[in-house]
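Everything on this sheet refers to the single structure shown next.
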């Protein structure tokens, strides 16, 4: 989502058997084969409309003291005013409520009996295929609290038949990898982010949450990213699902009157796939966002109070900002899109009108008590269906490969220029011969064929010149990136050199201080050796200052004893200014006398 986003690890040939990867230098895997001979430097698609599907959960409204589940508000087939909701297969839903009556049309409408497999096969399967081919993708679930969003996105992680979107994406991704050939290499990574009370939380490393920040990466393939978000490299479906389960356990939930296990935050699962073709060096980097939005809430309905109330306010504000972005994208008049009004819309900027193929799953309740929220969710989906994205394959060519292509094209251009010159010379020679001798019969068919060849070669030459220019620009951009990296390295080296010089200066200061202290200690020792107490006769005994103790400990004990004797000396100091010293000098005979 990553500026200190972990770098994509080197792409290698062999699959690793490790279970989890936190280092950006690990987990290179083999990947699906791509048809490199038909690849262009940049592929773009025409405008892609957002795919919107609607899913109704089963009724959970309980009636009276019997607590029987009442499920008579939804019907399949032709519309009828006796039912609140009528699903008209397979794309329309008709609402006949107390405050609204009307029809909504979507790409697909799923009833309560629809299985997880049906939802995935129609709504998500194509998005995963595009993701594996280098397109960015986004799948997010929207709806009121308790409408089944988390069930749709995650499902029952203990039962494969009840898997939701996220685990099925993991299955599909690694299934395609297993069926691919070794002509390409790839890496798969996952990061999980929670937006709680408009604060970012890293669900794979909660201690890292304070470091998260949103930045524009500047790269066409990445767009807006969350810097410092922990990214784990995975080599199997089980490793990916392990990260999903861990993150989901750390997600913030709460209890409301409308939902006993209500998500109190938006959860964003970010799966990144990096691919490199061994045939031509082309690298593709695509990102898939799987978003489980927190549910919109009516405060009076959910009974939220205290912290739960504050959470509900933040959730509704964030979803309102999402609605404002969709309105601005679809009204045809807005010149400013308010992506920065919330962290959710900022992170999903490329998914809403940008470089991604987006699928929105609108989750609704068929219960009469939820009529207002259901109509609101359907209106949201109808507006979102008009969003146009422009997805493109996110691929780059290595600078070395660009250089090779450039050399090849330049050689081909030189050969074409030489051939054109030869043909022009032949054409001129034929014209001269025809003018000089009217007796020579020229085959008109050959001349036309020759002229056609010259024309085709000229067209080919122009095409190659255009391709050469494009490759030259790509090479210049690659060189510019390398130059910026060199500058960054030089800056780091200078900073390290300055730090080294500072350490040397501090070391020199410490050495000087140490020398000064040693000199002071030596001076004090000498003074202590020369100042000795008087004996009983009032004379100072001679002290042999040149006789060294046999050990360092004896020397230290002698100095300490001498220092104590000096302090306890009965010598009386006069009041006169100055310092009175009794110095004992060693005599040549061996005895010492007071000076």
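Residue numbers (the numbering used here): 16 to 610. Don't be surprised by glycine CBs; every beta carbon is placed ideally from N, CA and C.
Where the beta strand (DSSP E) through residue 293 begins and ends:
Per DSSP, residue 293 belongs to no beta strand (DSSP E) and is neither H nor E.
Three-state secondary structure assigned by DSSP to residue 304:
strand
Nearest-angstrom Cβ-Cβ length linking residue 110 and residue 126, presumed shorter than 8 Å:
Not a contact, Cβ separation roughly 15 Å.
Quick check on residue 396: does DSSP put it in helix, strand or coil?
helix
Assign residue 152 to one of three DSSP states: helix, strand, or coil.
strand
Measuring only the C-alpha atoms, how far is residue 171 from residue 181?
CA-CA distance, residue 171 to residue 181, rounds to 11 Å.
Would a C-beta distance cut-off of 8 Å place residue 370 and residue 238 closer than the cut-off?
yes
Do residue 267 and residue 325 have their C-beta atoms closer together than 8 Å?
no
Beta carbon of residue 310, beta carbon of residue 112: below 8 Å?
No, Cβ-Cβ distance for residue 310 and residue 112 is not below 8 Å.
What are the boundary residues of the alpha helix (DSSP H) that includes residue 167?
164-168
Tell me which residues share the same chain as residue 482 and place their Cβ nearer than 7 Å to its Cβ, disregarding the 5 neighbours each side in the sequence.
424
Here's the rule I'm using: 16 or more other beta-carbon atoms within 10 Å means buried, otherwise exposed. How should residue 72 be labelled?
buried
Less than 8 Å between the CB atoms is what I'm expecting for residue 121 and residue 69, so what's the real figure, rounded?
5 Å
Where residue 376 falls, given that 16 or more other Cβ within 10 Å makes a residue buried:
buried
Kindly identify the DSSP beta-bridge partner or partners of residue 240.
Looking at the DSSP assignment, residue 240 forms a beta bridge with 230.
For residue 83, is the classification buried or exposed, using 16 other Cβ atoms within 10 angstroms of its Cβ as the cut-off for buried?
For residue 83, the predicted structure reports a pLDDT of 43, less than 50, and the residue's modelled location is therefore unreliable. A value from the coordinates is still provided. By the neighbour-count rule (16 or more Cβ atoms within 10 Å), residue 83 is not buried but exposed.
Residue of 489, 184 and 106 minimising C-alpha distance to residue 414
489
Nearest-angstrom Cα distance between residue 360 and residue 213?
11 Å
Check whether the Cβ of residue 113 lies closer than 8 Å to any Cβ atom in chain B.
Here there is only one protein chain, and chain B is not present.
For residue 402, which option in 438, 385, 347 and 436 has the closest C-alpha, if you only look at C-alpha atoms?
347
Same chain only: Cβ atoms within 6 Å of residue 92, ignoring 5 sequence neighbours per side
No answer about residue 92 holds up, because its pLDDT of 48 lies below 50 and its placement is not dependable.
Under three-state DSSP, which class holds residue 109?
Looking at residue 109 - three-state DSSP - the assignment turns out to be strand.
Just how far apart, CA to CA, sit residue 417 and residue 469?
Their backbone Cα atoms lie some 29 Å apart in a straight line.
Can you say whether residue 156 is buried or exposed, counting buried as having 16 or more other CB atoms within 10 angstroms of its CB?
With 16 or more other Cβ atoms within 10 Å, it is buried.
Quick one: using the 10 Å Cβ neighbour count with 16 as the cut-off for buried, is residue 433 buried or exposed?
exposed
Taking only three categories from DSSP, how would you classify residue 467?
Correct three-state label for residue 467: helix.
Apart from the five residues just before and just after residue 569, which ones in its own chain have a Cβ nearer than 6 Å to its Cβ?
Confidence in residue 569 is poor, its pLDDT being 48 and thus under 50, which makes the residue's placement too unreliable to answer from.
In whole angstroms, give me the CA-to-CA distance for residue 399 and residue 485.
Each residue's Cα considered, the two are about 37 Å apart.
Looking at the unbroken beta strand (DSSP E) that takes in residue 260, where does it start and where does it end?
Where residue 260 is concerned, there is no enclosing beta strand (DSSP E), although the alpha helix (DSSP H) it sits in stretches over 252-264.
Would you mind reading off the limits of the beta strand (DSSP E) that contains residue 200?
Unbroken beta strand (DSSP E) run through residue 200: 199-211.
In the DSSP output, which residue or residues are listed as bridge partners for residue 299?
290 and 410
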